[in-house]
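Structure first, commentary second.
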Amino acid sequence: MAAYTLRRLGSTVVVMLLVGIFVFALLHIAPGDPAAIIAGDNATPAEIASIRQQLGLADPLSVQFVRWFWHLLHGNFGISIFSDTPVITLIGQRVPATLSLTVLTIAFAVIVAVAAGVFAAWRAGGVLDGSLMGFAALGFSTPVFVVGYFLIYFFSIRLRWLPVQGYVPLSHGLWPWLSHLILPTIALGLAYVALIARITRASMLEVLAEDYIRTARAKGASTEAILFRHALKNAGVPIVTVIGIGVALLVSGVVVTETVFNIPGIGRLAVDAITNRDYPIIQGVMVIFSGAYVIINLLVDLTYTLIDPRVRY
Amino acid sequence: MTLSRRTILKNGAAGALAAATPGTRRAHAASNTKIMNAVMQGDLRSFDPIWTTANISAYYGAMVYDTLFATDANFQPQPQMVGKWGLSEDKRTYTFALRDGLLWHDGTPVTAADCVASIRRWAVRNSGGQMMMEYVTDLSARDDKTFILALKQPFGLTVPAFAATSTPDCFMMPKKAAETDPFQQITSHIGSGPFTFNEKETRPGSRYVFDRFTKYVPRPEPPSGFAGGKVVKLDRVVWQNITDDQTALAALESGEIDFFELPPLDLLPQLQSNPDIKVRVLDPSGNCGMMRLNWLHPPFNNVKARQAMLYLTNQADILKATFGNPKYYHEIDSIFGYQTPMANGANSAWFKSAPDPAKAKQLFKESGYGGEKVIVLQATDFDFMNNSAQLIAGWLKEIGVNAELAASTWGGVITRRAVMAPDDKGGWDIFITYGPGYDWNNPITMVALGCNGRKGWFGWPENAGYETLRRQWALVSTLAERQAIAQKMQTIAWNVVPQVMLGQWVSPVAMRSNVHGIIGMPDIIPFWNVTKT
Numbered sequence: 004m005a006a007y008t009l010r011r012l013g014s015t016v017v018v019m020l021l022v023g024i025f026v027f028a029l030l031h032i033a034p035g036d037p038a039a040i041i042a043g044d045n046a047t048p049a050e051i052a053s054i055r056q057q058l059g060l061a062d063p064l065s066v067q068f069v070r071w072f073w074h075l076l077h078g079n080f081g082i083s084i085f086s087d088t089p090v091i092t093l094i095g096q097r098v099p100a101t102l103s104l105t106v107l108t109i110a111f112a113v114i115v116a117v118a119a120g121v122f123a124a125w126r127a128g129g130v131l132d133g134s135l136m137g138f139a140a141l142g143f144s145t146p147v148f149v150v151g152y153f154l155i156y157f158f159s160i161r162l163r164w165l166p167v168q169g170y171v172p173l174s175h176g177l178w179p180w181l182s183h184l185i186l187p188t189i190a191l192g193l194a195y196v197a198l199i200a201r202i203t204r205a206s207m208l209e210v211l212a213e214d215y216i217r218t219a220r221a222k223g224a225s226t227e228a229i230l231f232r233h234a235l236k237n238a239g240v241p242i243v244t245v246i247g248i249g250v251a252l253l254v255s256g257v258v259v260t261e262t263v264f265n266i267p268g269i270g271r272l273a274v275d276a277i278t279n280r281d282y283p284i285i286q287g288v289m290v291i292f293s294g295a296y297v298i299i300n301l302l303v304d305l306t307y308t309l310i311d312p313r314v315r316y
Numbered sequence: 004m005t006l007s008r009r010t011i012l013k014n015g016a017a018g019a020l021a022a023a024t025p026g027t028r029r030a031h032a033a034s035n036t037k038i039m040n041a042v043m044q045g046d047l048r049s050f051d052p053i054w055t056t057a058n059i060s061a062y063y064g065a066m067v068y069d070t071l072f073a074t075d076a077n078f079q080p081q082p083q084m085v086g087k088w089g090l091s092e093d094k095r096t097y098t099f100a101l102r103d104g105l106l107w108h109d110g111t112p113v114t115a116a117d118c119v120a121s122i123r124r125w126a127v128r129n130s131g132g133q134m135m136m137e138y139v140t141d142l143s144a145r146d147d148k149t150f151i152l153a154l155k156q157p158f159g160l161t162v163p164a165f166a167a168t169s170t171p172d173c174f175m176m177p178k179k180a181a182e183t184d185p186f187q188q189i190t191s192h193i194g195s196g197p198f199t200f201n202e203k204e205t206r207p208g209s210r211y212v213f214d215r216f217t218k219y220v221p222r223p224e225p226p227s228g229f230a231g232g233k234v235v236k237l238d239r240v241v242w243q244n245i246t247d248d249q250t251a252l253a254a255l256e257s258g259e260i261d262f263f264e265l266p267p268l269d270l271l272p273q274l275q276s277n278p279d280i281k282v283r284v285l286d287p288s289g290n291c292g293m294m295r296l297n298w299l300h301p302p303f304n305n306v307k308a309r310q311a312m313l314y315l316t317n318q319a320d321i322l323k324a325t326f327g328n329p330k331y332y333h334e335i336d337s338i339f340g341y342q343t344p345m346a347n348g349a350n351s352a353w354f355k356s357a358p359d360p361a362k363a364k365q366l367f368k369e370s371g372y373g374g375e376k377v378i379v380l381q382a383t384d385f386d387f388m389n390n391s392a393q394l395i396a397g398w399l400k401e402i403g404v405n406a407e408l409a410a411s412t413w414g415g416v417i418t419r420r421a422v423m424a425p426d427d428k429g430g431w432d433i434f435i436t437y438g439p440g441y442d443w444n445n446p447i448t449m450v451a452l453g454c455n456g457r458k459g460w461f462g463w464p465e466n467a468g469y470e471t472l473r474r475q476w477a478l479v480s481t482l483a484e485r486q487a488i489a490q491k492m493q494t495i496a497w498n499v500v501p502q503v504m505l506g507q508w509v510s511p512v513a514m515r516s517n518v519h520g521i522i523g524m525p526d527i528i529p530f531w532n533v534t535k536t
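Chains A and B, in that order, are what the protein sequence lines are. If you count the first sequence from 1, position 171 lands on 174 in the working numbering, and the numbers rise without skipping. If you count the second sequence from 1, position 344 lands on 347 in the working numbering, and the numbers rise without skipping.
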């Protein structure tokens, strides 16, 4: 398994480089000029040209590419065109917010969805099943920003229980940190709750029909033991797979959620950089996101061996 | 099965109740009356207000730096950092003495040498400064607090240029920073203004923190516009970069922010119905829209085609399409904007008959228009530009002009508008933008009011007679003289049509009812003299 893991980690580097090259090409094909944005609307063409020269954007594309790629190979993601700050520093400043949001969302989604899926399977065809799956369908089909605005209106403006926006680091206290993340977590997590709950239900229904479940019941095992010890563990592989896919898909949801709730995370950083054509930031974020995506998939694959001893690499 | 539905519901209800108990309920934090949270017009991308002309950087500059002169509520320049000053009898030598008590944020005193270096750097980037320096024979410090500015001939705009808020503004910086190449960004945040920039608490792209400069000595005069005493009554101002309007609005309603510079116009009724929020027009000069025409290529290299656009344009429709409520917009007939001191009615007969598509069609025909493509750049991410481009393209098509919209983001438009090549090589014919309303009063600093060809602003209009008048405008001393020249300039302008005006509008700001004293002037929103009760 060690050899497999190392091989997969090696492929992660390749994927990150390929994504980097692709993003570089795409950005420079797309219209837009950071020098013109920096210069402001009153700037003359000569002033814009001067700024372009200083930023190295007047160099041939091949020169710019080799310079960027050489720096990337040395772990240098470059300097932000606008804030004149190393990209890695900017990303580092934004990681805690994004990590807080994604970890809470994953925890929320997994806990709620697995429980809902298990209970829906347990009461398959009943009112509880219908309600949970109806709720799941609603959650899956409602866009993140709609849920976000609704939550803000209801919980922040009407009830005034939770803040509308922003992020407070954990170092400022547990409640200030958590209170700023509850609504974004629900907004972002709802679609994943729906997705994971439906897969959990389907997988559990399949397992609950197995002979060994009937045997466990005949032996007098409790409902909790049957559901969570016998059935859920054996239904785990598809659930872990969909959780892995969901985590990878979180990236797009994070961008929207961070914008709606004004969370200074990596998603917001990427959106602002795209608006400003801050090429080094966009390239850096995309390379890191692609690496994270591959590593998440690797972790999912490795988790299979823990759930199902038959899986070997 | 021993796990009952009732057990699940009971436990669920208990959990929900626990979440809603007063102990966990977020008391709506009593707003701190010494901290102002504001959402400004955009993200602060550059901290060098001389290097960039971006307005938000000028806002930053006004907080952190100070100016030699400042514009009062009557738009007259008044001394700010300058104490005593004088002009020689021949009107060619200015002597400026700095007032007492001026300190940089690192505690060192502001010197005349700092100011000289700052003026020199600013003058490279500001069009008024560039023109002034053509006449300067000496600009040097006489002692720690006094410097002189000697001219070949009188230049009436000298003091108004120091006070002007058309970007880049003439902010004073420490000599070391001011000696930076004007085309390179400075890295320091040391100013002598009423606020210090708190780098430690700032998170670029997210929030920008300004603290009261405790050693700032305000002028003794009462505040008037940007002039007079800059008394800081808050401990801290935080600019929050909330990019989503709806979220910013909700944050204002909940009291998380105190000030929202650009609330969406369609949501103003919602804000106006909230007793905790007030909506105000701080800057009655607002913004003026314009349609720039490319003078380098057909069809707009022909004056008849340009004149046709004056008759084709229906300002009322353009303004209504974006701003809806007529309370917030006006049509304009002057190239100098709406109700500015230079605005006048010279040669504006077209305004009384426009829109007149038949006349526009006839003028296009007289121009020899041969059916070539007319590329209209359409910035889809700005309502005004987006809506105007669609309307204009539609009107052109109605009179038989082969108009084609080129849609992109504003970032795409500002790249393409710099292309001087013809349409088939990536060029353009029309683009739409706007500029701050009061800036239209000054043909030197307002780049769109130049007619200096390829050296000038996008569209590259060229007219020697107009340019001569523009230079004269800067040299004369009195308002009456400038107004007389402005009339002559406008007479030429509406004959040759460097651009078509698309109307003026104001953008109300929204703030919590307990915020008082926000300065209502064009171009900049500073936070001195502001209180929260």
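In this text, a Cβ means the ideal position worked out from N, Cα and C, and glycines have one as well. All values derive from a computational prediction rather than experimental measurement.
Alpha-carbon spacing of residue i relative to residue j, whole angstroms
| i | j | result |
| --- | --- | --- |
| Ala361(B) | Gly403(B) | 11 Å |
| Ala496(B) | Glu375(B) | 25 Å |
| Ser121(B) | Lys178(B) | 7 Å |
| Pro267(A) | Val288(A) | 14 Å |
| Met136(B) | Thr55(B) | 20 Å |
| Thr343(B) | Gly131(B) | 18 Å |
| Phe111(A) | Ile189(A) | 8 Å |
| Arg215(B) | Ala41(B) | 15 Å |
| Phe186(B) | Ile54(A) | 7 Å |
| Met43(B) | Met504(B) | 27 Å |
| Val241(B) | Phe200(B) | 10 Å |
| Gly120(A) | Asn300(A) | 23 Å |
| Arg29(B) | Cys118(B) | Caution applies to Arg29(B), whose pLDDT of 40 falls short of 50 and renders its modelled position unreliable; the model cannot decide the point. |
| Glu92(B) | Asp184(B) | 35 Å |
Three-state class that DSSP yields for residue i in the structure shown
| i | result |
| --- | --- |
| Met312(B) | helix |
| Asp141(B) | strand |
| Leu29(A) | helix |
| Phe1(B) | Nothing about residue 1(B) can be reported from this structure: the residues present for chain B run from 4 to 536 only. |
| Thr149(B) | strand |
| Met345(B) | coil |
| Pro529(B) | coil |
| Leu160(B) | coil |
| Arg465(B) | The sequence given here has Glu at residue 465(B), not Arg. In the structure shown, Glu465(B) sits in a strand (DSSP, three-state: E or B). |
| Trp164(A) | coil |
| Tyr215(A) | helix |
| Glu369(B) | helix |
| Thr24(B) | Its pLDDT being 39, under 50, Thr24(B) is placed unreliably by the model, and the measurement read from it follows with that caveat. Residue state, collapsed to three classes: coil. |
| Gly151(A) | helix |
| Gly86(B) | strand |
| Lys281(B) | strand |
| Met289(A) | helix |
Within chain B, partners of residue i - CB distance below 9 Å
| i | result |
| --- | --- |
| Pro34(A) | Ser411, Thr412, Gly414, Gly415, Val416, Thr418, Arg419 |
Neighbouring residues, chain B, relative to residue i (Cβ below 8 Å)
| i | result |
| --- | --- |
| Leu272(A) | Gly208 |
| Ser159(A) | Ala253, Ser257 |
| Ala39(A) | Gly414, Ile417, Thr418, Ala421 |
Residue i: first and last residue of the uninterrupted beta strand (DSSP E) it sits in
| i | result |
| --- | --- |
| Gln56(A) | Element bounds for Gln56(A): not the beta strand (DSSP E) but the alpha helix (DSSP H), 48–58. |
| Pro82(B) | 80–82 |
| Phe434(B) | 433–439 |
| Arg295(B) | 290–296 |
Element boundaries [alpha helix (DSSP H), containing residue i]
| i | result |
| --- | --- |
| Cys118(B) | 115–128 |
Contact set between residue i and chain A, taken where Cβ atoms lie within less than 7 Å
| i | result |
| --- | --- |
| Ala57(B) | Gly43 |
Within chain B, the residues that residue i reaches when beta carbons sit closer than 7 Å
| i | result |
| --- | --- |
| Phe85(A) | Arg48, Ser49 |
Listed by chain order, chain A residues near residue i by CB distance under 9 Å
| i | result |
| --- | --- |
| Ile528(B) | Chain A residues near Ile528(B): none, gap ~17 Å exceeds 9 Å. |
>> Ignoring anything shorter than 4 residues, give me the alpha helix (DSSP H) runs that lie fully in the segment 170–249 of chain B, in order along the chain.
In response: 178–181
>> At 3 residues or longer, what runs of the beta strand (DSSP E) sit wholly inside the segment 496–525 of chain B?
In response: 502–508, 512–515
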